[in-house]
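Here is the structure we will look at, set down as structure tokens.
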Amino acid sequence: MDFLDTFLSSSTGISEWAFIVLCLASFFTSVISAAFGLGGGAMLISIIASLMPPIAIIPVHAVIQVSSNFSRATMMWRHIKYTWMTSFVLGTIIGATIGGQIVFALPANLLKGIIGLFILYSLWGPSTGVSSASRKTFFGVGVVSSFATMFVGGSGPLIAPFVRATTSERRMTVATHAAFMSWQHGVKILTFGFLGFSFAPYISLIVSMILFGIVGTWSGKTILLWMPEQIFRKAFSFVLTVLALRLLYESLADMLV
0 MDFLDTFLSS
10 STGISEWAFI
20 VLCLASFFTS
30 VISAAFGLGG
40 GAMLISIIAS
50 LMPPIAIIPV
60 HAVIQVSSNF
70 SRATMMWRHI
80 KYTWMTSFVL
90 GTIIGATIGG
100 QIVFALPANL
110 LKGIIGLFIL
120 YSLWGPSTGV
130 SSASRKTFFG
140 VGVVSSFATM
150 FVGGSGPLIA
160 PFVRATTSER
170 RMTVATHAAF
180 MSWQHGVKIL
190 TFGFLGFSFA
200 PYISLIVSMI
210 LFGIVGTWSG
220 KTILLWMPEQ
230 IFRKAFSFVL
240 TVLALRLLYE
250 SLADMLV
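So the sequence shown is residues 0 to 256, counted in numbering that gives the first Met the number 0.
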């Protein structure tokens, strides 16, 4: 019992009950991401933000998300669409590098508002709001989304409309989106490492959340395989719309404070 108490309290600035809540949150948000393609990461960062020291929120979230997305991509690797992967990764490296230089200078609330408006337009605008697929398009998506993720944490909703527009089947949508996000969060972790953030004080929490997340991903995959294609498409758009509205609300709330 003493070992368990020590393990639960070994993460800097994290209480025992917060440790347990974060592990359970990792499980349930991974279920949501695997079943609907996105949403879990944005929910998880909201929970992390209320329970962890501010300086650790985005770096630790990145580690948990790279594990969650990588496990999801691995479980469904046969369905990944690799066509635009190289262009996206190159853009991601450039965007994260630029964002890392000014990560403490740009207001996150402004980015949240811009991302929220873009997502709503891409889903419900007069044309789709998403241009035809090309290497330039996904290079630009990589640059913009990885720049934004250095400030707001979850960039999945920004990438999702492009993945949705270029995939024709729910497993391909989820697997491709997971592969893109794995690269992006991986680059973000390296960037924060170069900036001097130490992940060591949070290692026990990180390992525990990763394990809970893997189990959640497996559970969510079962739901995805059962779900009819038409229901998935509607659910995907619904979740994306809710996330966009949430970003807009947070942006306005931060500006009014």
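Ideal placement from N, C-alpha and C gives every residue a C-beta, glycine not left out. Note that the structure is predicted; figures quoted are calculated from it, not measured.
For Gly185, the enclosing alpha helix (DSSP H) covers residues 169 to 193. For Lys220, the enclosing alpha helix (DSSP H) covers residues 202 to 225. For Ile188, the closest alpha carbon among the candidates His60, Met75, Ser236, Ser218 is that of His60.
The segment 51 to 68 makes contact with the segment 177 to 191: 3 or more CB pairs, one atom from each, lie closer than 8 Å. Beta-carbon to beta-carbon, Ala177 and Arg71 are separated by about 4 Å, close enough to satisfy the 8 Å threshold. Rounded to the nearest whole angstrom, the C-alpha separation of Leu37 and Met208 is 18 Å. Residue state for Gly98 is assigned as helix, using DSSP reduced to three classes.
DSSP places Met42 inside the alpha helix (DSSP H), whose first and last residues are 39 to 50. Classified as exposed, Gln229 has fewer than 16 neighbouring CB atoms from the shown chains inside 10 Å of its CB. In the three-state reduction of the DSSP assignment, Met75 falls in the coil class. In the three-state reduction of the DSSP assignment, Lys135 falls in the helix class. Shortest Cα-Cα distance from Phe211 to any of Ile19, Ser14, Ile13, Glu15 involves Ile19. Taking a contact to require three or more Cβ pairs closer than 8 Å, the segment 82 to 98 and the segment 135 to 147 qualify as touching. Counting C-beta atoms within 10 angstroms of its own C-beta, Trp182 has 16 or more neighbours from the protein chains shown and is therefore classed as buried.
With 16 or more other Cβ atoms inside 10 Å of its own Cβ, Ile158 counts as buried. Around the CB of Phe237, fewer than 16 other CB atoms lie within 10 Å, so the residue is classed as exposed. Closest in C-alpha terms to Leu251, from the list Ala174, Leu109, Leu21, comes Leu109.
Approximately 6 Å separates the beta-carbon atoms of Phe26 and Val214; this is inside 8 Å, confirming the contact.
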